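So the sequence shown is numbered by the numbering used here: it starts at 1447 and just counts up by one.
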Amino acid sequence: MGDTSGYSSIEGSTQGERNREAAQEEARGKPMNIDLDHLIKLRVTVARYGEMDGAGWWNTQGVLGKAGRSVLARGFPATHWFAQARIVCAVATARCAAVFSPPGCFTLWSLPAEIEDAISRQWSAMCRKPEGWAPFFEDLASRNSGDLLRHLKEQNLIDDKTAEAVVPLRRSAEGKAVALPGTGQATRATLMLLAGGFSKGEKQNLAVPYLRSES
1447 MGDTSGYSSI
1457 EGSTQGERNR
1467 EAAQEEARGK
1477 PMNIDLDHLI
1487 KLRVTVARYG
1497 EMDGAGWWNT
1507 QGVLGKAGRS
1517 VLARGFPATH
1527 WFAQARIVCA
1537 VATARCAAVF
1547 SPPGCFTLWS
1557 LPAEIEDAIS
1567 RQWSAMCRKP
1577 EGWAPFFEDL
1587 ASRNSGDLLR
1597 HLKEQNLIDD
1607 KTAEAVVPLR
1617 RSAEGKAVAL
1627 PGTGQATRAT
1637 LMLLAGGFSK
1647 GEKQNLAVPY
1657 LRSES
């Protein structure tokens, strides 16, 4: 059959390219090793807490509660939870950007583009397997008041270290923002702080936690 070493070399090179492409695709799917399900749960929990029947930070009334479920379940019987969450998260994102959107910083609702792209892809994956998310949303439906930090801890979304780090945080002089100390990147630790920092706000007085980016 002749010398096949050239074919082996080409095949090895092709496999190497495939491995690199697979690694790149995995990196795009999980930017900076962030647990996307955890990040989405942080966002949705804060979104629920800030509704009008809760802290009153954004203009949605119980969309993530039982009322929203009864309405949206008619049109989205299998994925209504995600429809509810997308609505409130979109409103919360717009509201936080309107209150405080500093350049060179990121917030729970405004993260680097690669993370936002990965979140968009994750929503689609979640909708294909909605049953695993039902306990989270069922529990969240009744959590619209009280202590946000306690809610986040009870749902295992933040740890004791994060809760302790939130305590010394203070609102800005204008009362519209909560600065995390120093600079950093969007990691699990900083995302938990950004979520917990919303506890520094008051009823109908939103304060947006933010962290200045290292880059």
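Positions of the beta carbon are idealized from the N, C-alpha and C atoms, including for glycine.
Quantities reported herein were computed from a predicted structural model and do not represent experimental measurements.
Fill in: As assigned by DSSP and simplified to three states, the class of Leu1639
Against the sequence shown, residue 1639 aligns to sequence position 193. Here Leu1639 sits in helix by DSSP.
Worksheet item: Is the stretch 1587-1594 touching the stretch 1637-1656 in the sense that three or more CB pairs, one from each, lie closer than 8 Å?
Response: yes
Worksheet item: Using the beta-carbon count (16 or more within 10 Å), is Glu1620 buried or exposed?
Response: Position 174 of the sequence shown, counted from the start, is the residue given in the question as residue 1620. Exposed, because fewer than 16 other Cβ atoms sit within 10 Å of the Cβ of Glu1620.
Worksheet item: What first and last residue would you give for the beta strand (DSSP E) that runs through Ala1529?
Response: As a working note, residue 1529 is residue 83 in the sequence shown. Unbroken run through Ala1529 is the alpha helix (DSSP H), 1526-1545; no beta strand (DSSP E).
Item to complete: Have a look at Ala1632, Ser1588, Trp1503 and flag the residue whose alpha-carbon is nearest the alpha-carbon of Ala1698.
Response: Here the chain covers residues 1447 to 1661 and nothing more, so residue 1698 does not appear.
Worksheet item: How about His1484 and Leu1603: do their beta carbons lie closer than 8 Å?
Response: Within the sequence shown, residue 1484 is the residue found at index 38, counting from 1. Within the sequence shown, residue 1603 is the residue found at index 157, counting from 1. It is a contact, given that the beta carbons lie within the stated cut-off.
Item to complete: Entirely within the stretch 1483-1527 and at least 4 residues each: give me those alpha helix (DSSP H) ranges in chain order.
Response: 1512-1518
Worksheet item: Would DSSP call Thr1629 helix, strand or coil?
Response: In the sequence shown, residue 1629 corresponds to position 183, counting from 1. When DSSP states are grouped into helix, strand and coil, Thr1629 belongs to the strand group.
Item to complete: Please name the residue or residues paired with Phe1552 in a DSSP beta bridge.
Response: The residue you call residue 1552 lines up with position 106 of the sequence shown. Its beta-bridge partners are Leu1657.
Worksheet item: For Val1624 versus Val1654, is the C-beta distance shorter than 8 Å?
Response: Counting from 1 along the sequence shown, the entry for residue 1624 is found at position 178. Counting from 1 along the sequence shown, the entry for residue 1654 is found at position 208. Contact: yes.
Worksheet entry | Rounded separation between Arg1567 and Pro1581 - CA only | Taking the sequence shown and counting its residues from 1, one reaches residue 1567 at position 121. Taking the sequence shown and counting its residues from 1, one reaches residue 1581 at position 135. Their backbone Cα atoms lie some 22 Å apart in a straight line.
Worksheet item: If you draw a straight line from the alpha carbon of Arg1494 to that of Lys1575, how long is it in whole angstroms?
Response: Taking the first residue of the sequence shown as 1, we reach residue 1494 at position 48. Taking the first residue of the sequence shown as 1, we reach residue 1575 at position 129. C-alpha separation (whole angstroms): 22 Å.
Worksheet item: For Glu1648, does the three-state DSSP call read helix, strand or coil?
Response: Within the sequence shown, residue 1648 is the residue found at index 202, counting from 1. Correct three-state label for Glu1648: strand.
Practice prompt. Rank Thr1491, Pro1558, Ala1609 by C-alpha distance to the C-alpha of Trp1527 and give the top, closest one.
Written response: As a first step, residue 1527 must be located in the sequence shown, where it is residue number 81. Selection Thr1491, Pro1558, Ala1609 evaluated against Trp1527 yields Thr1491 as nearest (Cα-Cα).
Worksheet item: Can you round the beta-carbon distance between Leu1510 and Ala1587 to whole angstroms, since I take them to be within the 8 Å contact cut?
Response: As a position in the sequence shown, residue 1510 is number 64, starting the count at 1. As a position in the sequence shown, residue 1587 is number 141, starting the count at 1. Between Leu1510 and Ala1587 a beta carbon distance of about 7 Å is seen, short of the 8 Å cut, so the two are scored as contacting.
Fill in: CB-CB length for Ile1533 against Thr1506, believed under 8 Å
Within the sequence shown, residue 1533 is the residue found at index 87, counting from 1. Within the sequence shown, residue 1506 is the residue found at index 60, counting from 1. The C-beta distance from Ile1533 to Thr1506 rounds to 7 Å, short enough to fall under 8 Å.
Item to complete: Return the bridge partner residues of Ala1559 from the DSSP annotation.
Response: Stepping through the sequence shown from its first residue, residue 1559 is reached at position 113. Looking at the DSSP assignment, Ala1559 forms no beta bridge with any residue, so it has no partner.
Discussion item. On the DSSP bridge list, what partners appear for Arg1634?
Written reply: Position 188 of the sequence shown holds residue 1634. Secondary-structure assignment with DSSP links Arg1634 through no beta bridge to anything.
Fill in: Cα-Cα separation, Met1572 to Thr1525
For the purposes of this step, residue 1572 is identified with residue 126 of the sequence shown, where counting begins at 1. For the purposes of this step, residue 1525 is identified with residue 79 of the sequence shown, where counting begins at 1. If I take the Cα positions, the gap works out to 9 Å.
Fill in: Which listed residue (Lys1607, Pro1558, Thr1553) has its alpha carbon closest to that of Lys1622
Start at 1 with the first residue of the sequence shown, and residue 1622 comes out as number 176. Checking every option, the nearest Cα to that of Lys1622 belongs to Thr1553.
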